[in-house]
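Trainee: Counting in full-length UniProt numbering, the sequence shown runs from 1 upward without gaps. For reference, the structure I am asking about is given below.
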Amino acid sequence: MRQIRPWTLNDATALFSWLFLGHTVWLLVGTTSFVSLILWTANSLQFQEWTAYRIGKYLTSATGATVVFESAIVPNWKDGKIRFNNVRIYRMPQSELEKFERHAALLSTGQTLPEEEKGVEESEDDPLAGVELDEEERENEVLKKWMWYNLMIDRVEVSLSLIRWLDGKGLVQSADVQGVRGVVDRRHVRWDPDVPYDPVAARHQYTPGDFELEKLTVEDLLVTVYQPNGFRPYPVSIFHAQLDRFRKQWLFYDLLCATTITGAFDKCLFSVHSPQLEKSVLQQSWHIDSPKRGFRSHDIYHYYPFSKQDPNGVVIGGETERFGVLTDDDMKKQGYKRKSRLRIDGVKVDHLFRGLEGPPGWITSGTVDVCADIYIPQEAVEADSTELLRQLVYELTDSIDLPQPVILGAGKGELVVGGGSQREEKKKNDQEDMNSKKFVMDVDYRFKETKASVPLKTPELSYLNSAMVRPVVGYISRNKAIVPIKTRVVMDLSNFDGSWSLYDSTLAERLGEKLGQAFVDLTLDQQERNRRLKRIGFWSIKEMSRNLVYIHDMMRGTSRGFWSYLGTGSY
Numbered sequence: 001m002r003q004i005r006p007w008t009l010n011d012a013t014a015l016f017s018w019l020f021l022g023h024t025v026w027l028l029v030g031t032t033s034f035v036s037l038i039l040w041t042a043n044s045l046q047f048q049e050w051t052a053y054r055i056g057k058y059l060t061s062a063t064g065a066t067v068v069f070e071s072a073i074v075p076n077w078k079d080g081k082i083r084f085n086n087v088r089i090y091r092m093p094q095s096e097l098e099k100f101e102r103h104a105a106l107l108s109t110g111q112t113l114p115e116e117e118k119g120v121e122e123s124e125d126d127p128l129a130g131v132e133l134d135e136e137e138r139e140n141e142v143l144k145k146w147m148w149y150n151l152m153i154d155r156v157e158v159s160l161s162l163i164r165w166l167d168g169k170g171l172v173q174s175a176d177v178q179g180v181r182g183v184v185d186r187r188h189v190r191w192d193p194d195v196p197y198d199p200v201a202a203r204h205q206y207t208p209g210d211f212e213l214e215k216l217t218v219e220d221l222l223v224t225v226y227q228p229n230g231f232r233p234y235p236v237s238i239f240h241a242q243l244d245r246f247r248k249q250w251l252f253y254d255l256l257c258a259t260t261i262t263g264a265f266d267k268c269l270f271s272v273h274s275p276q277l278e279k280s281v282l283q284q285s286w287h288i289d290s291p292k293r294g295f296r297s298h299d300i301y302h303y304y305p306f307s308k309q310d311p312n313g314v315v316i317g318g319e320t321e322r323f324g325v326l327t328d329d330d331m332k333k334q335g336y337k338r339k340s341r342l343r344i345d346g347v348k349v350d351h352l353f354r355g356l357e358g359p360p361g362w363i364t365s366g367t368v369d370v371c372a373d374i375y376i377p378q379e380a381v382e383a384d385s386t387e388l389l390r391q392l393v394y395e396l397t398d399s400i401d402l403p404q405p406v407i408l409g410a411g412k413g414e415l416v417v418g419g420g421s422q423r424e425e426k427k428k429n430d431q432e433d434m435n436s437k438k439f440v441m442d443v444d445y446r447f448k449e450t451k452a453s454v455p456l457k458t459p460e461l462s463y464l465n466s467a468m469v470r471p472v473v474g475y476i477s478r479n480k481a482i483v484p485i486k487t488r489v490v491m492d493l494s495n496f497d498g499s500w501s502l503y504d505s506t507l508a509e510r511l512g513e514k515l516g517q518a519f520v521d522l523t524l525d526q527q528e529r530n531r532r533l534k535r536i537g538f539w540s541i542k543e544m545s546r547n548l549v550y551i552h553d554m555m556r557g558t559s560r561g562f563w564s565y566l567g568t569g570s571y
């Protein structure tokens, strides 16, 4: 072009617009590739240490925790991600950090800890007694009141999306975390007993930019947790975890709805997964309702494993609706996405029921197996396209006065849009249907070797009075294996908005209430059984004594039977 005519302002503007538009589209669509190229260029120019330092400083100021990259940040061109190796995240006083590092070094070499450092110094007046703080740490109120942690991560791989960041969902789109080691220290955390706990106030308030990951994978995680009030340290490990969605605003809810999580909590295995049942079991269970006489469905003779099976193979979600559990198709018809199962075996009760009111909080020792089936409702973004279209049509017709109803479509399932009171009534019914989709959890408890103590003060509970306290405590302590307890908890999804734990979501309170009612019902049931056994026993002794007297009289010949009264005229 320059050989024909000189460059003009239009040519320069067009070239600049083409370059700017191309790089903008590249930045929006391929954010990870764009950032990877910048990192590769910085590493080639020997700026990797400066880049890691600046990114660490930015993350430290944004999160409140110190983030240090001990290795260079390199792009992973094969998987299209950015890799961080040897990442350290901590929020802890420097003196405690050095002490934990010293303990880890001694334990790794097989040496024992010094006697003066084995014990844990805790004071009710000053929870930070024995902790050395410098000038900057003394002024940090978050460091003094919130929990401490020191985590070392071997590898983190992330993919970025600028479009999601512009939408207020954070820059990170997905993350893979491998090899996490560290400690979580909460020994200095205290609560004011004069201030009642408000779960709503404790929830996280949404701010634009909170992370909303589309996928999170965690492998090989092991941390040691230190709790306040002299509670024993215990390890928490995750072997493998995969979450299709992980949001800061719905953190606890997304953990319950995870695709799969396997790990150990205080040496007790736990898992979150989708329950599965073979189709052959369902086909065999059909014979339960068979009208044929003498046919038993549990007979092994009627089971033929080589018959033609359903191509689906496995039912995800459980048995058929006839047996009390819905399949995936049936759940979707009722507004539920899928079912998740949380299972933990042999966990000690002091982990689950500490601080709860009622009978669960009275248990001092024992173990429990928990199996919880969670029915996950569909959210608005996951609703059927027809429902979304219907909602859009009603929103558009809100501002239009229609003199008579309008039918959109023909045949079965047409959309009928009415005017006036009909439209308002239809909107009200749709709103009630949306609100009816609740979070449902069916929990099965199996207690073993439980012991309970009488509380100093009887709690004011609707299902419990002072006369039932000691019988309930006696029932819990006397039975080595309590009858399996099954409860159901139904909650609104709004309770999980901003909740990060069992307590601020009020799930722990509802589980404790249902479990307390179950203990009271079991105690009353046992008392009624004992009362009936005593009544039957007294009746049996009475009848046995009468029969013995009759036999004795008959053997002596003094008994008066039917023939003795025959002809006397007295009846």
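Ideal placement from N, C-alpha and C gives every residue a C-beta, glycine not left out.
Please classify Ser499: is it buried, with 16 or more other beta-carbons within 10 angstroms of its beta-carbon, or exposed?
Mentor: Ser499 comes out buried.
Trainee: Buried or exposed for His552, going by 16 or more other Cβ atoms inside 10 Å?
Mentor: With fewer than 16 Cβ atoms within 10 Å of its Cβ, His552 is classed as exposed.
Trainee: Output needed for Ser17: all residues of its chain with C-beta closer than 6 Å, excluding positions within five of it in sequence on either side, in chain order.
Mentor: Correct list: empty, nothing qualifies.
Trainee: In the stretch 56-115, which residue ranges form an unbroken alpha helix (DSSP H) of at least 4 residues, counting only runs that do not cross its ends?
Mentor: The stretch 56-115 contains these whole alpha helix (DSSP H) runs: 94-108.
Trainee: Under 8 Å between the Cβ atoms of Leu213 and Arg245?
Mentor: Cβ atoms of Leu213 and Arg245: closer than 8 Å.
Trainee: On a Cα-Cα basis, can you pick out the residue from Ala452, Leu515, Thr259 and Asp497 that is closest to Tyr475?
Mentor: Out of Ala452, Leu515, Thr259 and Asp497, Ala452 has the C-alpha closest to the C-alpha of Tyr475.
Trainee: Can the beta-carbon of Val272 be found closer than 8 Å to that of Ser174?
Mentor: Not in contact: Val272 and Ser174 (Cβ atoms no closer than 8 Å).
Trainee: Might you give, ordered along the chain, the residues of its own chain that have their beta carbon closer than 6 Å to the beta carbon of Glu132, omitting 5 neighbours on each side?
Mentor: Counting only Cβ-Cβ distances below 6 Å, and skipping sequence neighbours, we find Ser95.
Trainee: How big is the Cα-Cα spacing for Leu243 and Phe69?
Mentor: Each residue's Cα considered, the two are about 25 Å apart.
Trainee: Select from Val189, Ala202, Tyr197 and Pro208 the residue whose C-alpha is nearest the C-alpha of Gly230.
Mentor: Closest option to Gly230, Cα to Cα, is Val189.
Trainee: Run through DSSP, which three-state label would Asp497 get?
Mentor: The answer is coil: DSSP assigns Asp497 none of H, G, I, E or B.
Trainee: 8 Å is my cut-off, CB to CB: does Ser462 come that close to chain C?
Mentor: The structure shown contains no chain C; it is built from a single protein chain.
Trainee: Rounded to whole angstroms, what's the CA-CA distance from Ala65 to Leu9? Just pull it up for me.
Mentor: Each residue's Cα considered, the two are about 50 Å apart.
Trainee: Taking the runs of the beta strand (DSSP E) that are 3 residues or longer, which of them lie wholly in the stretch 132-203?
Mentor: List check, beta strand (DSSP E) in window: 148-160 and 172-185.
Trainee: I need the DSSP call for Phe252, collapsed to helix, strand or coil.
Mentor: The answer is helix: DSSP assigns Phe252 an H, G or I state.
Trainee: For Phe447 and Gly358, I'd like the C-alpha separation in whole angstroms.
Mentor: Each residue's Cα considered, the two are about 16 Å apart.
Trainee: Nearest to Tyr445 by CA position, among Ser505, Val490, Pro455 and Leu515, is which residue?
Mentor: Per the Cα distances, Leu515.
Trainee: Can you give, in chain order, each stretch of the beta strand (DSSP E) that sits fully within the stretch 207-263 and has at least 3 residues?
Mentor: Segments of the beta strand (DSSP E) lying fully in the stretch 207-263: 215-226 and 234-243.
Trainee: According to DSSP, which residues form a beta bridge with Pro377?
Mentor: BP columns for Pro377 point to Tyr336.
Trainee: Compare the C-alpha of Ala258 against each of Glu460, Tyr206, Pro233 and Ser274 and name the closest.
Mentor: The shortest C-alpha separation from Ala258 is found at Ser274.
Trainee: With the cut-off set at 8 Å, would you say Ile73 and Leu151 are in Cβ contact?
Mentor: No; because the gap between Cβ atoms is not below 8 Å, this pair is not in contact.
Trainee: For Asp442, write down the residues that DSSP places opposite it in a beta bridge.
Mentor: In DSSP, Asp442 forms a bridge with Asp373 and Arg488.
Trainee: Tell me which residue opens and which closes the alpha helix (DSSP H) that Val35 is part of.
Mentor: Val35 -> alpha helix (DSSP H) spans Thr31 to Ser44.
Trainee: With H, G and I counted as helix, E and B as strand and the rest as coil, what does DSSP make of Asp345?
Mentor: In this structure, Asp345 counts as strand in the three-state DSSP scheme.
Trainee: Taking residue 595 as part of the beta strand (DSSP E), name the residues at either end of that continuous run.
Mentor: Because the chain is modelled from 1 through 571, residue 595 falls outside the range shown and cannot be assessed.
Trainee: Return helix, strand or coil for Phe353, following the three-state DSSP convention.
Mentor: DSSP places Phe353 in coil when its eight states are reduced to three.
Trainee: Can you tell me the Cβ-Cβ gap for Asn85 and Arg155, rounded? I've got them flagged as a contact below 8 Å.
Mentor: That pair is a contact at about 6 Å.
Trainee: Can you look up Ser466 in the DSSP assignment and give me helix, strand or coil?
Mentor: Ser466 falls in the helix class under three-state DSSP.
Trainee: Check whether the Cβ atoms of Pro93 and Glu137 sit closer than 8 Å, and answer yes or no.
Mentor: A contact, by the Cβ cut-off of 8 Å.
Trainee: For the 8 Å Cβ check, are there 3 or more pairs between the stretch 358-371 and the stretch 513-532?
Mentor: Yes: at least three Cβ pairs fall under 8 Å.
Trainee: What does Ala452 pair with, by DSSP beta-bridge criteria?
Mentor: Ala452 pairs with Ile363.
Trainee: Closest to Asp442 by C-alpha separation, out of Leu502, Pro233, Ser466 and Tyr375, would be which residue?
Mentor: Comparing Cα-Cα distances from Asp442 to each of Leu502, Pro233, Ser466 and Tyr375, the minimum goes to Tyr375.
Trainee: Please classify Val490 as buried or exposed, where buried requires at least 16 neighbouring CB atoms within 10 angstroms.
Mentor: With fewer than 16 Cβ atoms within 10 Å of its Cβ, Val490 is classed as exposed.
Trainee: Within the same chain, show all residues whose beta-carbon is closer than 6 Å to that of Asp266, passing over the 5 residues directly before and after it, in chain order.
Mentor: Result list for Asp266: Tyr234, in chain order.
Trainee: How far does the alpha helix (DSSP H) with residue 580 in it extend, from its first residue to its last?
Mentor: Outside the displayed span of the chain (1 to 571) sits residue 580, for which this structure offers no information.
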